[in-house]
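The structure appears right after this line, and notes come after that.
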Amino acid sequence: MEKTEKKQGTIWAVGGGKGGTGKSFITSSIGTCLALNGSKTLLLDADLGGANLHSFFGLLRPRYSLTDFFDKKVPLRDIIVHSGVANLELITGSITSLDSESINYAQKQKLFRQIRTLDADHIIIDLGAGTHINTLDTFLLADKMIVVTVPEVTAIENMYQFIKSVYFRKLKYIFKTYGLNASIQETWKNRSAYNIRSLKDLIVHLKQSSDHIRGIFDREMSGFVVNVILNQVRTPRDILVGENLKSVCMNFLGLPVVYAGYSRYDEAVQKSINNNEPFMLFNRLSPVVNEIKTLTVNLVAGTPISVPKDLVNGRLS
Ligand SMILES: Nc1ncnc2c1ncn2[C@@H]1O[C@H](COP(=O)(O)OP(=O)(O)O)[C@@H](O)[C@H]1O
Ligand SMILES: [Mg+2]
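Be aware that the sequence shown starts at 594, since it is given in the numbering used here, and climbs by one per residue.
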């Protein structure tokens, strides 16, 4: 029988549009950090097309995976495996050819229901690339939404598209749930009369035009904060990219973004994976370890990193 009561654990989701930016590395490292601090932590690999979170813990052939959940209907709590790190458990992704598109609505609802009942202080969901609605909906399930990017134009564009798609998905849900579609279409039709040129203007207009609508938005959007992490940073200038992203999301979408931190590029990351060693446990001398610790503290607290204003060109210290 399925349990339905909500446990108090925080659900985190790590997404961001582009593949290879370091979502799984960041998920595994944040998870290890939280677990080492004594929190019972559970990672869920929801990259259905390219599941590899287990590799970051040197688990070559995990005993169970989401395939057991989707194909054999085994409850989620029964496919949890140990990561090898104390306090840290893992639900590994499907090794078979499942992808986001092959999950139907009922399966998705069942997955979400069971995720909410998992017994852990923190449940961190590692997402695949792309903006499929199943990926967006899984991201929206989270109390803490995290996007990971590298400081390159194409990755940043993908990330912006991802954040925009998540926001649109959320708005669609709000419009439908509260029966606002008709009045929104009406306003949009007359947008020139109201001087509305963008979605951001439309939302501002709607909120100003009705206390009822403002109440709905304030309630539904109050926890909607996207946390940004920059990964594979190579220069001090790269670090500033996070600040720019924040302004772009606010200016174009009217969305609050918290720049939670960065992690530099370090070959030790790849070496750890090749050696089947969890990075955070075997690389105490790497600056990345402290950078991950800092960004984890920021993510828990919901606070931004304080970027020194006088960062200059050159090498990272
Ligand atoms: N900070 C980093 N320094 C060096 N290599 C990294 C770093 N972060 C990730 N990588 C490497 O990039 C590759 C992709 O990382 P991964 O976490 O699998 O990306 P994603 O989950 O976004 O597809 C991995 O081979 C990993 O070793
Ligand atoms: Mg990944």
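All C-beta atoms, glycine included, are put in the ideal place defined by N, C-alpha and C.
query                                                                                                                        : result
Near ligand 1: Ile604 beta-carbon under 6 Å from a heavy atom                                                                : no
Ligand 1 heavy atom lying under 6 Å from the CB of Val821                                                                    : no
Cα-Cα separation, Ser658 to Ile672                                                                                           : 6 Å
Endpoints, the alpha helix (DSSP H) within which Asp831 is located                                                           : Pro829 to Ile832
Proximity below 7 Å, CB of Ile718 to CB of Leu635                                                                            : no
Heavy atom of ligand 1 within 6 Å of Gly612 beta-carbon                                                                      : yes
Distance CB(Lys633)-CB(Asn680) smaller than 7 Å                                                                              : yes
Endpoints, beta strand (DSSP E) assigned at Tyr855                                                                           : Val850 to Arg857
Coil, strand or helix - Gln707 by DSSP                                                                                       : helix
Distance between Lys765 and Pro925 (C-alpha atoms, nearest Å)                                                                : Past the boundaries of the shown model lies residue 925; the chain is included only from 594 to 910, so the question cannot be answered.
Chain-order list of residues whose beta-carbon lies under 7 Å from that of Met594 (same chain, five-residue window excluded) : Its pLDDT being 40, under 50, Met594 is placed unreliably in this model, and the value from its coordinates should be taken loosely. If we look at Met594 and ignore the five residues flanking it on each side, it has no Cβ neighbours.
Heavy atom of ligand 1 within 6 Å of Tyr858 beta-carbon                                                                      : yes
Close Cβ partners of Asn645 (< 7 Å) along its chain, the five nearest in sequence each way excluded                          : Ser617
Span of the alpha helix (DSSP H), counted from its first residue to its last, around Gln863                                  : Glu860 to Asn867
Beta-bridge partners of Lys737, as assigned by DSSP                                                                          : Trp605
Continuous beta strand (DSSP E) stretch holding Thr634: start and end                                                        : Thr634 to Ala639
Span separating the alpha-carbon of Leu833 from that of Asp736                                                               : 26 Å
Other residues of its chain near Val821: CB distance less than 6 Å, five sequence neighbours each side excluded              : Val740, Gly835, Leu838, Val850 and Tyr852
Residue span of the alpha helix (DSSP H) that contains Leu792, given as start and end                                        : Leu792 to Ser802
Own chain partners of Gly724 with C-beta closer than 7 Å, once the 5 adjacent residues on each side are dropped              : Note that residue 724 is Thr in the sequence shown here, rather than Gly. For Thr724, where only same-chain residues beyond five positions count, the Cβ hits under 7 Å are Gly610, Gln754, Phe755 and Ser758.
CA nearest to the CA of Phe872, picked from Ser676, Ile898 and Thr710                                                        : Ser676
Beta-bridge partners of Glu682, as assigned by DSSP                                                                          : Leu635 and His675
DSSP three-state assignment for His647, whether helix, strand or coil                                                        : helix
Among Ser865, Pro829, Ala628 and Val819, the one whose alpha carbon lies nearest that of Leu734                              : Val819
The segment 789-803 / the segment 745-752 touching (three or more Cβ pairs under 8 Å)                                        : no
Candidates Ile866, Thr603 and Thr887: closest to Tyr855 by CA position                                                       : Thr887
Beta-bridge pairing of Leu838 - partner residues as DSSP gives them                                                          : DSSP lists no partner for Leu838.
Given Glu745 as reference, the closest of Ile623, Ser840, Thr889 and Asp831 once Cα atoms are compared                       : Asp831
Tyr760 vs Leu629 beta-carbon contact at 7 Å                                                                                  : no
DSSP-derived helix/strand/coil call for Asp719                                                                               : strand
Span separating the alpha-carbon of Arg709 from that of Phe732                                                               : 13 Å
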